[in-house]
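**Student:** For the sequence shown, counting from 1, position 56 maps to 88 in our numbering; every step adds exactly one.
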Amino acid sequence: MIFVTGGAGFIGSNFVLDWLAQSDEPVLNFDKLTYAGNLNNLATLNGDSRHLFVHGDICDGGQVAALLADHKPRAIVHFAAESHVDRSIHGPAAFVETNVNGTFSLLEATRVYWGALPDVEKSAFRFLHVSTDEVYGTLGPDDAPFTETTAYAPNSPYSASKAASDHLVRSYHHTYGLPTLTTNCSNNYGPYHFPEKLIPLIIANACAGKPLPIYGDGRQVRDWLYVGDHCAAIRRVLEAGRLGEVYNVGGWNEMANIDVVHLLCDMLDKLVPKAAGSYRDQITHVQDRPGHDRRYAIDARKLERELGWRPAETFETGIGKTVRWYLENQDWVDNVQSGDYLKGECKISGI
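Next up, the structure:
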């Protein structure tokens with residue numbers, strides 16, 4: 033069994049679904065179900081004995097320790113995090129609590145559990161920490177992409193809290209010998225992405241006839257990574273990554289935000305044309321966010337060189353799948369935007 037934290041969120045739920053589509057190894061899915069956690073993402077697993085969902089908080093070291101003792105996972109894949117930069121600007125305390133204190137609590141419970149394992153199981157155990165390229169700060173237009181040795185320079189409370197969690201994970205490997213792995217990914221997109229983020233927000237607002245808000249001039253550049261490719265990279269690092277190492281995961285798809293929005297509008301013009309005009313007519317430029325990083329870019333050659341991973345999707349193929357998914361799953365979007373997904377009863381088992 034593997035233990036997944038944050039497995040009801042965007043990337044976590046995609047990982048759980050992909051894992052169980054390719055393996056019969058059970059997943060213990062541990063999620064706090066904040067606003068970004070949605071059990072509807074996992075609806076296809078209802079009744080699947082390989083998936084055990086437990087409602088809980090990584091800050092609760094006692095609960096984590098009890099689950100580890102009861103279920104004896106061979107690995108932990110740690111997604112659980114507050115992740116939206118705008119929310120971190122307006123309410124940074126939650127980011128420090130979950131991303132820093134929560135990761136510390138999880139590491140402590142894991143250290144005790146791992147330390148008591150028999151030698152064979154102890155040697156095989158892994159703790160994989162999922163992080164972000166935002167810990168590296170921002171790049172100039174001609175700067176080389178981030179590598180695993182780029183100095184940390186976080187510019188938002190979110191990225192600072194993730195940087196702190198990365199350092200804690202590193203320290204537990206070097207101090208205690210905990211067999212850790214860290215991945216730092218670029219901007220993900222794909223199914224089940226909470227519609228406060230750029231791509232799902234633009235699709236949802238366009239179809240609803242609402243303004244398409246673009247920060248500043250929209251020339252902020254991001255490296256876009258299809259979530260399915262990210263999940264494949266995590267599986268590969270978990271399988272064969274060198275202990276204590278960091279692996280950058282990128283899509284090799286640098287695009288300015290405004291170009292992404294234009295592409296989405298053009299796709300929607302073809303797939304669900306308006307009665308008159310283009311979806312581009314709904315674009316509205318709004319005041320830029322404070323401390324907005326100008327450019328991110330990931331050099332993922334280490335992951336390719338050592339473990340043979342490259343993204344399977346281009347931006348064109350990945351965004352095509354994504355747009356079609358949102359158009360075909362409007363009920364999911366409506367459920368999230370209305371808040372109805374928060375009203376359903378939690379089906380909790382295993383505790």
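Where is the CB? At the ideal position from N, CA and C, for every residue including glycine. A quick note: this is a predicted structure, and the numbers were derived from the prediction, not measured.
Quick one: Cα of Gly250 to Cα of Pro322, how far?
**Tutor:** As a position in the sequence shown, residue 250 is number 218, starting the count at 1. As a position in the sequence shown, residue 322 is number 290, starting the count at 1. Their backbone Cα atoms lie some 14 angstroms apart in a straight line.
**Student:** Give the straight-line distance between the Cα atoms of Gln369 and Thr316, rounded to the nearest whole angstrom.
**Tutor:** For this step, residue 369 is matched to residue 337 along the sequence shown. For this step, residue 316 is matched to residue 284 along the sequence shown. Gln369 and Thr316: Cα-Cα distance of roughly 20 angstroms.
**Student:** As an exercise, report each continuous alpha helix (DSSP H) stretch of at least 4 residues that is fully enclosed by the segment 76-155, in chain order.
**Tutor:** 93-103, 117-122, 124-127, 135-147, all fully within the segment 76-155.
**Student:** Report all residues from its chain with a CB closer than 8 angstroms to the CB of Arg82; omit the five preceding and five following residues, and keep chain order.
**Tutor:** Against the sequence shown, residue 82 aligns to sequence position 50. So the list reads Leu52, Asp56, Glu57, Pro58, Val59, once near-sequence residues are dropped.
**Student:** Please return the same chain residues whose Cβ sits closer than 8 angstroms to the Cβ of Val48, not counting the five positions on each side in sequence.
**Tutor:** Looking up residue 48 in the sequence shown gives position 16. Result list for Val48: Val36, Gly39, Val59, Asn61, Leu74, Leu77, His83, in chain order.
**Student:** Mind checking Gln54: buried by the 16 CB within 10 Å criterion, or exposed?
**Tutor:** As a first step, residue 54 is located in the sequence shown; it is residue number 22 there, counting from the start. Exposed: under 16 other Cβ atoms inside 10 Å.
**Student:** Going by the beta-carbon positions, is the gap between Thr164 and Asn187 smaller than 8 angstroms?
**Tutor:** Translated into the one-based positions of the sequence shown, residue 164 becomes position 132. Translated into the one-based positions of the sequence shown, residue 187 becomes position 155. Not a contact, by the Cβ cut-off of 8 angstroms.
**Student:** Quick one: any contact between the segment 278-291 and the segment 210-220, if contact means 3 or more CB pairs under 8 angstroms?
**Tutor:** Yes: the two stretches touch, three or more of their Cβ pairs being nearer than 8 angstroms.
**Student:** Would Lys242 be called buried (16 or more neighbouring beta carbons within 10 Å of its own) or exposed?
**Tutor:** Along the sequence shown, one-based indexing puts residue 242 at 210. Its Cβ having fewer than 16 others within 10 Å, Lys242 is exposed.
**Student:** Taking 6 angstroms as the limit between beta carbons, can you name the residues of its chain near His103, skipping five residues before and five after?
**Tutor:** The residue labelled residue 103 in the question sits at position 71 within the sequence shown. Result list for His103: Met33, Leu60, in chain order.
**Student:** Once you ignore the five residues that flank Ile246 on each side, which residues in its own chain have a CB closer than 8 angstroms to its CB?
**Tutor:** Counting from one through the sequence shown, the residue named residue 246 turns up at place 214. Excluding sequence neighbours, Ile246 sits near Asn289, Ile290, Val293, Ile315, Thr316, His317, Val318.
**Student:** Determine the contact status of His225 and Ile231, defining contact as a CB-CB distance below 8 angstroms.
**Tutor:** Along the sequence shown, read from residue 1 onward, the residue named residue 225 stands at position 193. Along the sequence shown, read from residue 1 onward, the residue named residue 231 stands at position 199. Yes. Within cutoff.
**Student:** For Gln252, count neighbouring Cβ atoms within 10 angstroms of its own Cβ and tell me buried if that reaches 16, exposed if not.
**Tutor:** Reading the sequence shown from its first residue, position 220 is the one you call residue 252. When all chains shown are included, Gln252 counts as buried.
**Student:** Distance check for Gly147 and Phe136, CA to CA, integer angstroms please.
**Tutor:** Looking up residue 136 in the sequence shown gives position 104. Looking up residue 147 in the sequence shown gives position 115. Between Phe136 and Gly147, the C-alpha separation is close to 16 angstroms.
**Student:** In this structure, how does DSSP classify Ala192 when only helix, strand and coil are distinguished?
**Tutor:** Position 160 of the sequence shown, counted from the first residue, corresponds to residue 192. The answer is helix: DSSP assigns Ala192 an H, G or I state.
**Student:** Would you mind stating whether Phe178 and Asp325 have Cβ atoms separated by less than 8 angstroms?
**Tutor:** What you label residue 178 is simply residue 146 of the sequence shown in a count that begins at 1. What you label residue 325 is simply residue 293 of the sequence shown in a count that begins at 1. Cβ atoms of Phe178 and Asp325: not closer than 8 angstroms.
**Student:** For Leu149, collect the residues of the same chain with a Cβ closer than 6 angstroms to its Cβ; drop the 5 residues on either side in sequence, then sort them by chain order.
**Tutor:** Your numbering for residue 149 matches position 117 in the sequence shown. Excluding positions up to five away in sequence, the list is empty.
**Student:** With a threshold of 8 angstroms, are at least 3 pairs of Cβ atoms found where one atom belongs to the segment 349-359 and the other to the segment 200-209?
**Tutor:** In short, these stretches do not touch, since the Cβ pair count stays below three.
**Student:** To the nearest angstrom, how far is the alpha carbon of Gln362 from that of Leu295?
**Tutor:** As a first step, residue 362 is located in the sequence shown; it is residue number 330 there, counting from the start. As a first step, residue 295 is located in the sequence shown; it is residue number 263 there, counting from the start. Taking the straight line from one Cα to the other gives about 20 angstroms.
**Student:** Per DSSP, which residues does His294 bridge with? Please list them.
**Tutor:** What you label residue 294 is simply residue 262 of the sequence shown in a count that begins at 1. According to DSSP, His294 bridges with nothing at all.
**Student:** Give a yes or no on whether the C-beta atoms belonging to Lys375 and Glu180 are separated by under 8 angstroms.
**Tutor:** Locating residue 375 in the sequence shown gives position 343, counting from the first residue. Locating residue 180 in the sequence shown gives position 148, counting from the first residue. No, the pair does not count as a contact, with Cβ atoms beyond the cut-off.
**Student:** Around the C-beta of Asp366, are 16 or more other C-beta atoms found within 10 angstroms, so that it is buried, or is it exposed?
**Tutor:** Here residue 366 refers to the residue found at position 334 when the sequence shown is read from its first residue. Exposed, because fewer than 16 other Cβ atoms sit within 10 Å of the Cβ of Asp366.
**Student:** Using CA coordinates, which residue listed in Leu71, Leu138, Glu114, Phe85 is at the minimum distance from Val96?
**Tutor:** Position 64 of the sequence shown, counted from the first residue, corresponds to residue 96. Closest by alpha carbon: Leu138.
**Student:** Which parts of the segment 299-367 are runs of the beta strand (DSSP E), unbroken and 3 residues or longer, counting only runs that do not cross its ends?
**Tutor:** Those beta strand (DSSP E) runs which fall completely within the segment 299-367 and span 3+ residues are 315-318.
**Student:** Nearest to Ser45 by CA position, among Arg106, His110, Glu286, is which residue?
**Tutor:** Along the sequence shown, one-based indexing puts residue 45 at 13. If we check each option's Cα against that of Ser45, His110 comes out closest.
**Student:** Under 6 angstroms Cβ to Cβ from Pro343, same chain only, skipping five residues before and after it: list those, please.
**Tutor:** As a position in the sequence shown, residue 343 is number 311, starting the count at 1. Answer for Pro343: Asp261, Gly283, listed in chain order.
**Student:** Note down, one range per segment and in chain order, each beta strand (DSSP E) of at least 3 residues found wholly within the segment 186-264.
**Tutor:** The qualifying runs are 212-217, 219-221, 244-247, 253-258.
**Student:** Hey, Val259 and Gly222 are a contact pair by Cβ (cut 8 angstroms); roughly how many whole angstroms apart?
**Tutor:** What you label residue 259 is simply residue 227 of the sequence shown in a count that begins at 1. What you label residue 222 is simply residue 190 of the sequence shown in a count that begins at 1. Indeed they touch by this definition, with Cβ atoms about 3 angstroms apart.
**Student:** Just to confirm, is the Cβ distance from Ala112 to Asp80 under 8 angstroms?
**Tutor:** Within the sequence shown, the letter at position 80 stands for residue 112. Within the sequence shown, the letter at position 48 stands for residue 80. Against a cut-off of 8 angstroms, the Cβ pair of Asp80 and Ala112 comes out as no contact.
**Student:** Taking Arg119 as the reference, give the member of Gly273, Ser191, Leu244 with the closest Cα.
**Tutor:** Looking up residue 119 in the sequence shown gives position 87. The candidate whose alpha carbon is nearest that of Arg119 is Ser191.
**Student:** With a threshold of 8 angstroms between beta-carbons, can Leu49 be considered close to chain B, or not?
**Tutor:** Going by chain labels, chain B is absent from the structure shown, which holds only one protein chain.
**Student:** Give me whichever residues DSSP pairs with Asp63 in a beta bridge.
**Tutor:** Position 31 of the sequence shown, counted from the first residue, corresponds to residue 63. DSSP output for Asp63 lists His87 as bridge partner(s).
**Student:** With Phe42 as the anchor, note down where its alpha helix (DSSP H) starts and where it stops.
**Tutor:** By one-based count along the sequence shown, residue 42 stands at place 10. Run containing Phe42: 42-54, per the alpha helix (DSSP H) assignment.
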